[in-house]
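Respectively, the protein sequence lines represent chains V and Z. First residue of the first sequence: 683, per the working numbering; consecutive thereafter. First residue of the second sequence: 14, per the working numbering; consecutive thereafter. Reading through the structure tokens given below for one structure.
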Amino acid sequence: MDSQSFMHFVEYELQAIAITWMVVMYTIKAVQLSRLPMPWEKEKPKGSGAKGILRSYGSIFMPWSVESSRKHMGRWIGFSLYHVGCLVAIVNTFTYTFTPGMMTPTVKIVFSALIAPAIFIGFIKFYNRLSRPELRHISTPDDYFSLLSLQLFFFTGIMALLLDTVFWRSSYYIITAAFLFYVPFSKISHYIYFFFARFLTGKRYGWRGIIPQK
Amino acid sequence: MDTREKVIQELDKRYNRLVGTSATNLCTHCGWCIESCHIFKATGNPEHSPVAKAEKVRRVLKRKHDWLSRLFPKWTGAKDLTESDLDEWIEAAFKNCTLCERCVINCPMGVETPQILATARGVLTAMGKSPEILNQLTDAAIAREENMEMMEGFFRKQIANLEKQVQERMNDSNARIPVSEEADILYVPLSGAHTMVPAALIFNAAKANWTMSLFEASNYGVFVADIPKAKKVVERVLKEAKKVKAKTLVVTECGHAYGVLKWEAPKWFGKQFDFEVKSLLEVMNDYIQEGKIVLDPSKNSEPVTYHDPCNIGRKGGIFEEPRNVIQASSKEYKEMTPSKVENFCCGGGSGMVACSEWTEDRLLYGTVKVEQIKKTNAKKVVTACDNCLHQIKELGEKNNLNISVSNVSEHLANALVFS
Ligand code: SF4
Ligand code: SF4
Numbered sequence: 683m684d685s686q687s688f689m690h691f692v693e694y695e696l697q698a699i700a701i702t703w704m705v706v707m708y709t710i711k712a713v714q715l716s717r718l719p720m721p722w723e724k725e726k727p728k729g730s731g732a733k734g735i736l737r738s739y740g741s742i743f744m745p746w747s748v749e750s751s752r753k754h755m756g757r758w759i760g761f762s763l764y765h766v767g768c769l770v771a772i773v774n775t776f777t778y779t780f781t782p783g784m785m786t787p788t789v790k791i792v793f794s795a796l797i798a799p800a801i802f803i804g805f806i807k808f809y810n811r812l813s814r815p816e817l818r819h820i821s822t823p824d825d826y827f828s829l830l831s832l833q834l835f836f837f838t839g840i841m842a843l844l845l846d847t848v849f850w851r852s853s854y855y856i857i858t859a860a861f862l863f864y865v866p867f868s869k870i871s872h873y874i875y876f877f878f879a880r881f882l883t884g885k886r887y888g889w890r891g892i893i894p895q896k
Numbered sequence: 014m015d016t017r018e019k020v021i022q023e024l025d026k027r028y029n030r031l032v033g034t035s036a037t038n039l040c041t042h043c044g045w046c047i048e049s050c051h052i053f054k055a056t057g058n059p060e061h062s063p064v065a066k067a068e069k070v071r072r073v074l075k076r077k078h079d080w081l082s083r084l085f086p087k088w089t090g091a092k093d094l095t096e097s098d099l100d101e102w103i104e105a106a107f108k109n110c111t112l113c114e115r116c117v118i119n120c121p122m123g124v125e126t127p128q129i130l131a132t133a134r135g136v137l138t139a140m141g142k143s144p145e146i147l148n149q150l151t152d153a154a155i156a157r158e159e160n161m162e163m164m165e166g167f168f169r170k171q172i173a174n175l176e177k178q179v180q181e182r183m184n185d186s187n188a189r190i191p192v193s194e195e196a197d198i199l200y201v202p203l204s205g206a207h208t209m210v211p212a213a214l215i216f217n218a219a220k221a222n223w224t225m226s227l228f229e230a231s232n233y234g235v236f237v238a239d240i241p242k243a244k245k246v247v248e249r250v251l252k253e254a255k256k257v258k259a260k261t262l263v264v265t266e267c268g269h270a271y272g273v274l275k276w277e278a279p280k281w282f283g284k285q286f287d288f289e290v291k292s293l294l295e296v297m298n299d300y301i302q303e304g305k306i307v308l309d310p311s312k313n314s315e316p317v318t319y320h321d322p323c324n325i326g327r328k329g330g331i332f333e334e335p336r337n338v339i340q341a342s343s344k345e346y347k348e349m350t351p352s353k354v355e356n357f358c359c360g361g362g363s364g365m366v367a368c369s370e371w372t373e374d375r376l377l378y379g380t381v382k383v384e385q386i387k388k389t390n391a392k393k394v395v396t397a398c399d400n401c402l403h404q405i406k407e408l409g410e411k412n413n414l415n416i417s418v419s420n421v422s423e424h425l426a427n428a429l430v431f432s
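See below:
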């Protein structure tokens with residue numbers, strides 16, 4: 683296989699297989715969860731379930747409304763930048779492949795600048811996990827591995843954007859694919875469960891008039 | 014069937030969508046919840062963080078339900094259950110968690126740690142490992158109905174004595190404490206007179222059409238997550254409400270009883286009840302808003318603060334009503350920080366107060382509450398739950414806080430002006 687057809691394979695076929703795999707796994711998980719019994723509220727509402735759900739999803743963007751964000755604003759900013767970095771690194775796998783015309787040097791620099799802080803924050807996360815006894819106590823090999831594999835994903839993403847060589851581009855896509863295969867099994871899949879959890883908690887709290895607070 | 018199989022079977026029975034969502038990869042082990050827990054704050058022990066407590070149960074659930082944990086348990090921290098895990102569950106679920114849900118509102122993912130730990134409580138009860146006193150109190154409540162013929166005469170005599178007190182305080186010989194008679198309101202007290210006399214003064218002052226229940230509101234079945242027994246405790250009151258043709262069931266100031274009767278029991282029975290369920294806090298607030306009672310706030314002249322019981326506030330949705338009542342009946346009100354949905358648990362919730370073997374731990378877990386109270390400079394703490402009342406009284410004595418403690422209805426009754 684020459685380098686061009688290899689690049690084509692990692693950018694298209696491999697990604698398609700990996701994404702299909704991930705979607706199938708998530709679908710199975712979602713179906714499994716949906717089939718579990720759910721004790722919905724039966725008493726008439728004191729508040730609004732819909733408002734509770736909206737607030738529950740929205741509170742992640744409203745750091746002033748939650749003590750754990752409000753009191754640690756630096757941590758919340760780090761959390762936000764980290765997730766922006768993740769999002770951009772994921773979006774980049776598509777834009778690079780499907781809209782190459784959009785990837786001007788300026789866009790590449792902007793994307794890199796958005797991903798770079800995530801690497802820095804990743805190191806802080808790693809350091810905290812090792813140094814804080816209460817975090818070390820709950821950390822598993824999957825926690826460390828997930829963190830490191832994301833670092834690699836970000837790093838190869840930036841290198842592919844800035845250097846645009848076959849090596850870095852193919853590394854980026856191979857790591858992306860490996861990542862997509864692994865994600866449904868690891869704690870990185872939290873972002874899928876997040877939507878379930880926030881819906882259920884928000885609905886109950888909203889229904890009972892607990893959130894949103896007046 | 015060996016212990017492990019039985020535990021797994023009991024876990025399966027309780028594995029619903031709420032538990033299932035929180036039991037697998039939702040938790041990122043980020044640690045944001047750690048400082049939200051009054052128990053971790055009091056001890057600083059990594060074992061006492063919400064995530065560490067949940068993890069003790071989650072790792073067993075993961076072993077069964079999480080794909081990666083089935084293949085490589087060590088990789089994800091999952092493990093097969095052992096006999097010693099159950100002892101750890103007792104510590105985590107009964108002793109070191111009051112199911113206050115403060116960690117839930119502080120978790121960016123929405124992990125329901127208390128749901129996981131309440132599941133563990135249910136399993137431990139099924140395995141005969143929950144605190145004996147909580148089971149005894151549940152059984153005693155059920156026995157009360159079974160032996161009602163024997164108990165009723167004695168109960169009515171006690172109430173007649175309390176009725177005299179009410180008449181004296183109101184200077185009105187027509188003031189009454191009707192017991193289990195036909196009425197619009199069925200008021201369900203606790204066994205102590207402090208939940209009966211103030212309520213009777215308020216209902217009489219408001220000229221309400223009410224009656225007192227033969228049963229007490231408390232339901233220890235919910236603390237041991239023994240839902241069949243907890244349902245039996247509720248059924249007694251449901252039958253009585255039907256008998257007296259109540260339109261409204263008013264629950265006294267008891268956090269878990271309100272949570273059970275208002276929110277949980279309709280789920281257990283799969284339907285909304287034929288009557289409305291209200292807290293006494295809401296009824297007192299209604300009477301003030303409707304001008305049905307007259308108050309003299311100068312009768313409560315000391316600076317007063319309010320402690321939101323977790324089951325009434327963060328889990329029950331009642332925040333403003335007690336504040337309105339206290340402010341209308343006091344000269345000076347001081348808000349606690351934090352309060353309402355962010356208030357800290359007093360440390361005595363979810364059965365802790367009844368478990369005498371954990372008294373020292375319980376009082377230690379109240380450290381954050383002590384600091385909160387000190388900062389208000391209030392001389393009186395008013396709350397709306399008997400467990401909180403008991404705990405805050407003990408915290409006050411142990412820490413020389415020099416405060417008085419009462420429930421909201423006692424505070425309001427003290428300010429009542431009888432015409
Ligand atoms: S429970 Fe929530 S806040 Fe606590 S470690 Fe898990 S994800 Fe983080
Ligand atoms: S429910 Fe309350 S006591 Fe239990 S872990 Fe969460 S914050 Fe701590």
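Glycine residues also receive a C-beta, built at the ideal position from the N, C-alpha and C atoms. Bear in mind that the values here come from a model prediction, so they are computed numbers and not experimental data.
Identify the continuous alpha helix (DSSP H) that holds residue i and give its terminal residues.
{"i": "Ile791 of chain V", "result": "Pro787 to Ser813"}
{"i": "Leu81 of chain Z", "result": "Trp80 to Leu84"}
{"i": "Val713 of chain V", "result": "Leu696 to Ser716"}
{"i": "Glu176 of chain Z", "result": "Met161 to Met183"}
{"i": "Trp889 of chain V", "result": "His872 to Trp889"}
{"i": "Ser853 of chain V", "result": "Val848 to Tyr864"}
{"i": "His690 of chain V", "result": "Ser685 to His690"}
{"i": "Glu345 of chain Z", "result": "That residue, Glu345 of chain Z, is in no alpha helix (DSSP H); it is neither H nor E in DSSP."}
{"i": "Ile759 of chain V", "result": "Met755 to Phe780"}
{"i": "Val250 of chain Z", "result": "Ile240 to Lys256"}
{"i": "Val418 of chain Z", "result": "Looking at the DSSP string, Val418 of chain Z is not in any alpha helix (DSSP H); the run it does join, the beta strand (DSSP E), is Ser417 to Asn420."}
Can you name, in chain order, every residue of its own chain whose Cβ lies under 8 Å from the Cβ of residue i, other than the five neighbours on each side?
{"i": "Met683 of chain V", "result": "Phe691"}
{"i": "Val32 of chain Z", "result": "Leu74, Glu125, Gln128, Ile129 and Thr132"}
{"i": "Lys260 of chain Z", "result": "Asp197, Ile198, Phe288 and Glu289"}
{"i": "Asn390 of chain Z", "result": "Pro316 and Lys347"}
{"i": "Pro191 of chain Z", "result": "Trp223, Thr224 and Met225"}
{"i": "Glu96 of chain Z", "result": "Thr16"}
{"i": "Asn148 of chain Z", "result": "Thr138, Tyr233, Val237 and Asp239"}
Flag this pair as yes or no: are the beta carbons of residue i and residue j separated by less than 8 Å?
{"i": "Gly362 of chain Z", "j": "Cys113 of chain Z", "result": "yes"}
{"i": "Lys790 of chain V", "j": "Leu844 of chain V", "result": "yes"}
{"i": "Ile416 of chain Z", "j": "Lys382 of chain Z", "result": "no"}
{"i": "Leu376 of chain Z", "j": "Glu407 of chain Z", "result": "yes"}
{"i": "Pro799 of chain V", "j": "Leu763 of chain V", "result": "yes"}
{"i": "Trp276 of chain Z", "j": "Ile240 of chain Z", "result": "no"}
{"i": "Leu715 of chain V", "j": "Thr34 of chain Z", "result": "yes"}
{"i": "Asn313 of chain Z", "j": "His424 of chain Z", "result": "yes"}
{"i": "Cys110 of chain Z", "j": "Lys177 of chain Z", "result": "no"}
{"i": "Tyr855 of chain V", "j": "Glu695 of chain V", "result": "no"}
{"i": "Pro745 of chain V", "j": "Arg737 of chain V", "result": "no"}
{"i": "Gly839 of chain V", "j": "Ala732 of chain V", "result": "no"}
{"i": "Pro721 of chain V", "j": "Asn174 of chain Z", "result": "no"}
Within a Cβ cutoff of 7 Å, which residues of the same chain sit near residue i, ignoring the five residues on either side of it in sequence?
{"i": "Phe766 of chain V", "result": "Per the sequence shown, residue 766 of chain V should be read as Val rather than Phe. Taken in chain order, the residues that qualify are Leu796."}
{"i": "Val182 of chain Z", "result": "First, the amino acid is wrong: residue 182 of chain Z is Arg here, not Val. Leu214, listed in sequence order."}
{"i": "Leu203 of chain Z", "result": "Glu229, Ala230, Ser231, Thr265, Cys267 and Asp399"}
{"i": "Phe897 of chain V", "result": "Absent from the model: residue 897 of chain V. The displayed extent of chain V is 683 to 896, so no value can be given."}
So the beta strand (DSSP E) residue i belongs to, where does it begin and stop?
{"i": "Leu262 of chain Z", "result": "Thr261 to Val264"}
{"i": "Trp223 of chain Z", "result": "Trp223 to Met225"}
{"i": "Lys393 of chain Z", "result": "Lys393 to Thr396"}
{"i": "Leu199 of chain Z", "result": "Ile198 to Val201"}
{"i": "Thr318 of chain Z", "result": "Val317 to His320"}
{"i": "Val290 of chain Z", "result": "Glu289 to Ser292"}
Please go through the same chain and pick out, in chain order, the residues whose beta-carbon is closer than 6 Å to the beta-carbon of residue i, but skip the five residues on each side of it.
{"i": "Cys50 of chain Z", "result": "Pro63 and Cys116"}
{"i": "Ser82 of chain Z", "result": "Lys75, Arg76, Thr89 and Ala91"}
{"i": "Asp79 of chain Z", "result": "Thr37"}
May I ask you to check if the CB of residue i is nearer than 7 Å to at least one heavy atom of ligand 4?
{"i": "Val124 of chain Z", "result": "Absence of ligand 4 is noted for the structure shown, with ligand 1 and ligand 2 being the only ligands found."}
Exercise. With ligand 2 as the reference, list in chain order each residue whose Cβ lies under 6 Å from any of its heavy atoms.
Key: Contact residues of ligand 2 (beta-carbon closer than 6 Å to any heavy atom; chain order) are Z:Ser49, Z:Cys50, Z:Ile52, Z:Pro63, Z:Lys66, Z:Cys110, Z:Thr111, Z:Leu112, Z:Cys113, Z:Glu114, Z:Arg115, Z:Cys116, Z:Thr126, Z:Pro127 and Z:Cys358.
Self-check item: Members of the stretch 783 to 812 of chain V near chain Z, C-beta cut-off 9 Å
Solution: Cβ contacts with chain Z come from Lys807, Asn810 and Arg811.
Quiz item: Just by C-beta distance, which residues in the stretch 725 to 756 of chain V are closer than 7 Å to chain Z?
Solution: Going along the stretch 725 to 756 of chain V in chain order, one finds Glu725, Lys726, Lys728, Gly729, Ser738, Ile742, Val748, Glu749 and Ser750 with a Cβ nearer than 7 Å to chain Z.
Practice problem: Taking only beta carbons into account, state which residues of the stretch 281 to 293 of chain Z come closer than 9 Å to chain V, listed in chain order. | Solution: For the stretch 281 to 293 of chain Z, which is checked against every Cβ of chain V, the residues closer than 9 Å are Trp281, Phe282, Gly283, Lys284, Gln285, Phe286, Glu289 and Val290.
Exercise. Note down, in chain order, all residues in the stretch 30 to 55 of chain Z with a beta-carbon under 9 Å from any beta-carbon belonging to chain V.
Key: Per Cβ criterion, the list reads Arg30, Leu31, Val32, Gly33, Thr34, Ser35, Thr37, Asn38, Leu39, Cys40, Thr41, His42, Cys43, Gly44, Trp45, Cys46, Ile47, Glu48, Ser49 and Phe53.
Quiz prompt | Residues of the stretch 90 to 117 of chain Z with Cβ closer than 7 Å to any Cβ of chain V, in chain order | solution = Flagged, chain order: Gly90 and Val117.
Exercise. Anything in the stretch 67 to 80 of chain Z with a Cβ closer than 7 Å to a Cβ of chain V? List those residues in chain order, please.
Key: Per Cβ criterion, the list reads Glu68 and Trp80.
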